[in-house]
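Colleague: Dumping the structure here so I can ask a few things about it.
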Amino acid sequence: MIPLSWFLILAAALFSIGLYGVLARRNAVAILMGIELMLNAVNLNLVAFWRYVAPGSIAGQAFAVMVFAVAASEAAVGLALILSIYRQRSTVAAEEINLLKW
Amino acid sequence: MTPELLTWLIPLPPILAFAVIVLLTHRSNRLSHTLAVGAMFVSWGLAMTVFWAAITTPELGQRPFASSIDWLPSGVEALRIGILIDPLSAITLFFVAWTCLAIFVYSIGYHNYGKPRDPADRAGLPPHKGGIEPMYARFFAFISLFAFGMLTLVISDNLLLLFVGWEIMGLCSYLLIGFWYGKDSAKKAMVKAFITTRVGDVFMLLGIAYLYSATGTLNYREILFNEEVLHSLAEAPSGVLGMSAAGLIGLLLFLGTVGKSAQWPLHVWLPDAMEGPTPVSAMIHAATMVSAGVYFAVRFFPLLTAGWAEGEPLTVTMRVVAFIGAFTALFASTIALAQRDIKRVLAYSTISQLGYMVAAVGIGAYVAAAFHLVTHAFFKALLFLGSGSVIHGMQHGLAASSKNAAQAMPGREGPAGVHEAHAHVDAQDMFNMGGLRRKMPRTFVTFVIGGFALAGFPLLTAGFWSKDEILADAFTNGHLAVFLTLAAAALLTAFYTMRQITLTFLGEPRTEAARHAHESTATMTVPLLVLAVFSVAAGWVGIPESWTGGRVPNWFHSFVGGTLLEHPPAAPFHWAPLLTSVGVSLGGLLLGWLVYRRVAAGAPDPARKPLGFVYTVLERKYGFDEFYDWAFVRPAYWFAETFSYLWIDRGVIDGILHAVARIALRLGSIFRNYFDKPVVNGLMGDGTASVVKWAGRQLRAVQTGRVQQYLIAGLIVTGILLSYVLVVRP
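Chain order of the listed sequences is A and B. Going by the numbering used here, the first sequence opens with residue 1, and the numbers climb by one from there. Going by the numbering used here, the second sequence opens with residue 103, and the numbers climb by one from there.
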């Protein structure tokens, strides 16, 4: 059986790629994709820990499902916002969305 | 209606007339004088009714008409005001009502009612060409108030109400003396009259206060008709010069009389009061104000003479009163000798006659003083109104003669030159008159009657009986000094009266104005006739019984004597005073006629040469005006201007204020420069603000608005915290 650490290393790598995407990308859609990566990295962790540490409990799976739902709705709202901004200002670059800045 | 109720009503009509004229009807001359004269007429009717009730009441002195109400609550007791008609106030009421009414009616003619208003006349100046007085309605308002003051004073039953009336008259005399306020002399005279009488009033008020604190009441009957109170006042020491309380109070109250009745040394205001219109002079000098002073002295006779009984030597207070009265009588009559102004002669004669009455009070001749008060009021009112008529006639003559002269030679001199020539003719100077008996017969006859009454022409006139009674009293009670002084004054009185009559009415006219003078209107002459009747008849009520052998009772003596607790005995008959008074009267009149019967136009006073320096002194009135000016007026001005204003006010008080202000300014600027500006503004205000501003500027860089940067910052901080928790702590 694959040891737990492999899952954890994979999840950490995914999270870091996602974090990098969030911090370094200018495109708002790319940032959203980074967030999605990070969420899924967490899901991987949750499922891995459930299987290896407490297989009798359902909490890990339930948590993962919950995160899917949240991630889906987050993506829906986020994309809708980005679409709306794009219609208004013809850009999706994060630093150019500065209407509320002083 | 009861006499008490009627008495309450007596002073009301004039005050109502005053209020209505001032507030409503002052634009209508006709309505105003109708109101004033009508109100006075109602008062007169009420006064006569009360007077009749009084003289028909037996033993009025024991049971006077009296009623009173609570007025001013003061502590436990309340000051009461009320009315009192005893014999003294009844006879005073009689002559006040008659003279006031006569003066009111006379004023209508005097102020040229019915003539058109001369457009050249200005309010505050006498009309100069016979037009109607510009402030006609105001005059009637003022004399109505004046009459109210006097009537209130007379019917009052206590000192407080008397003082109220007294001061109302003081105010009215001020207003009326300065009625023609456009004249500088009138302005000065009004202030002089007011302030001089004020000096007396202050002492009088002190006397009232002392009396109230000593007895607890100001009611006449409770003080003056009460043996116990008088006795205890006479026994109590006052602590001043060894006088009794009664003596000191009497003296203080008497000083009020000195001021109001113009006795020496406060006599100076009265001659100057001639600046007012002539009816006012009559009002002040005869009917009301100065009579009020003597009335007051007579009223307080029991207090003035407390501790004295008939036939005993006089008390200190009485000596002072007698001295001032007798001295004033002689002193004023000498000044009257050298006056040229017809009204001024009468003014000094008033002072002199008032001195008579005061002297009579001083020697204990109660009834004689009251008698002379009554007769004097009538003949002096007559003389003043007569002189007013003369002046009026002269002014008309002046206007007429200047018109004639201008018409006679129109081209050569021109009206301006004529006007110049006539401007110097003084309508009041007796030396500009002469021969007026033909032009003004009614005025002449009445004036002679008044003058003879003043001179005490034997048997016929009222003045003889009253003056004789004073002289007889002084002689038989052994006050020889007073007797001789008064006899000398009587001689001088007869002399200057005849001088006045001769210069004014007899001989030939000395100026064009006198030649063109004419008789005054009926509203002026009818009051003269009425007063002339009284100037003769008022004496008949007081003929001594010794003259008629007791067949005709001396009504006045028994009536007025009833005011006192004990009826004063009538002076026994003696030939010496009778001969003296007849002698001085006739002698003075004859001498006056002899000296003045042939005075040519423009000639000096024939008495100037024989009297020499003395005449100048008399003409200057012994220099009392100058002396008071030097001794009181100038120091007062100096005190006000230099001491109070320059030194105290400008120097000390303003100096202190300025110093305080300067210190405050200095302190303020120190605080401002060394605390407010650097500490409060710089450090706390601007300092805080600039620190915040600087911090804001510095921190602004952090807020890039870029979410990724925030996240990086958050990541770094989280990393640090995690490494702290995981690495450092365990």
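Glycine included, C-beta positions come from ideal geometry on N, C-alpha and C.
1. Going by beta carbon distance, what residues of the same chain come within less than 7 Å of B/D528, once the five residues before and after it are set aside?
2. Taking only the alpha-carbon atoms, compute the straight-line gap between B/Q783 and B/Q811 and give it to the nearest angstrom.
3. Under a three-way DSSP split, which group does B/I645 fall into?
4. Closest to B/S503 by C-alpha separation, out of B/T477, B/G664, B/A249 and B/K231, would be which residue?
5. Note down, in chain order, every chain E residue with its Cβ under 7 Å from the Cβ of B/I814.
6. Any heavy atom of the ligand PLP closer than 6 Å to the beta-carbon of B/R752?
7. Between the alpha carbons of A/Y20 and B/T790, how many angstroms are there, rounded?
8. Would you say A/E95 lies against chain B (beta-carbon separation less than 7 Å)?
9. For a cutoff of 7 Å on Cβ pairs, would you count B/Q810 as touching chain A?
10. What would DSSP say about B/E179, mapped onto helix, strand or coil?
11. Take every Cβ of the segment 142 to 152 of chain B, pair it with every Cβ of the segment 72 to 92 of chain A, and state whether three or more of those distances are shorter than 8 Å.
12. Grab me the residues of B/T254's own chain with a C-beta within less than 6 Å of its C-beta, minus the 5 sequence neighbours each way, in chain order.
13. By Cβ distance below 6 Å, which residues in the same chain neighbour B/T194 in space, the five residues on each side in sequence not counted?
14. So for B/D172, helix, strand or coil by DSSP?
15. Touching or not, the segment 399 to 413 of chain B and the segment 654 to 673 of chain B, by the rule of three or more beta carbon pairs under 8 Å?
16. Please check the pair B/A121 and B/A141, which I expect to be a contact at CB under 8 Å, by giving their CB distance rounded to whole angstroms.
17. Does DSSP put B/D751 in a helix, a strand or coil?
18. Please state the DSSP three-state secondary structure of B/A338.
19. On the CB-based measure, 16 or more other CB atoms within 10 Å of its CB, does B/Q441 come out buried or exposed?
20. Determine the contact status of B/E621 and B/M542, defining contact as a CB-CB distance below 7 Å.
21. Could you check how far apart the C-beta atoms of B/F248 and B/L203 are, in whole angstroms? I think they sit under 8 Å.
22. Does the segment 436 to 454 of chain B come within contact of the segment 631 to 650 of chain B, defined as at least 3 CB pairs closer than 8 Å?
23. Once DSSP output is grouped into helix, strand and coil, what is the label at B/R514?
24. May I ask which residues mark the beginning and end of the alpha helix (DSSP H) holding B/F196?
25. Taking 7 Å as the cut-off, decide whether the C-beta atoms of B/A852 and B/F481 are in contact.
26. So what does DSSP say about B/D443, is it helix, strand or coil?
27. According to DSSP, which residues form a beta bridge with B/L186?
28. Quick one: grab the DSSP three-state call for B/S622.
29. Considering only C-alpha positions, which residue in the set B/T430, B/G216 and B/P379 is nearest to B/T359?
30. Would you tell me roughly how many angstroms separate the C-alpha atoms of B/A156 and B/V144, rounded to the nearest one?
31. Relative to the C-alpha of B/S170, which residue among B/D731, B/A408, B/L320 and B/A705 is closest?
32. Beta carbon of B/T548, beta carbon of B/L608: below 7 Å?
33. If you scan the segment 218 to 283 of chain B from start to end, which runs of the beta strand (DSSP E) of 3 or more residues do you find wholly inside it?
34. Where are the alpha helix (DSSP H) runs, 4 residues long or more, that stay fully inside the segment 369 to 435 of chain B, in chain order?
35. Report yes or no: do three or more beta-carbon pairs, one from the segment 260 to 276 of chain B and one from the segment 217 to 224 of chain B, lie closer than 8 Å?
Modeller: Let's see:
1. Answer for B/D528: N534, listed in chain order.
2. Per the sequence shown, the amino acid found at residue 783 of chain B is Asn instead of Gln. The alpha-carbon atoms of B/N783 and B/Q811 are separated by roughly 39 Å.
3. coil
4. B/K231
5. Of the protein chains in the structure, A and B, none is chain E.
6. You won't find the ligand PLP in this model; it holds no ligand whatsoever.
7. 42 Å
8. yes
9. For B/Q810, the answer is yes, since a Cβ of chain A falls inside 7 Å of its Cβ.
10. strand
11. no
12. P113 and G267
13. V256 and Y397
14. strand
15. yes
16. Not confirmed; about 10 Å, so no contact.
17. helix
18. In the three-state reduction of the DSSP assignment, B/A338 falls in the coil class, being assigned neither a helical nor a strand state.
19. buried
20. B/E621 places its beta carbon less than 7 Å from that of B/M542.
21. With a Cβ gap of about 13 Å, B/F248 and B/L203 do not count as contacting.
22. no
23. Note that B/R514 scores a pLDDT of 40, beneath 50, so its modelled location is shaky and nothing firm can be said.
24. P189 to Y212
25. Residue 852 of chain B cannot be examined here, being either before or after the span of chain B that is shown, 103 to 832.
26. strand
27. B/A168
28. Reduced to three states, the DSSP call for B/S622 is coil.
29. B/T430
30. One C-alpha to the other measures close to 18 Å.
31. B/L320
32. No, the pair does not count as a contact, with Cβ atoms beyond the cut-off.
33. none
34. 371 to 374, 380 to 384, 391 to 401 and 403 to 406
35. no
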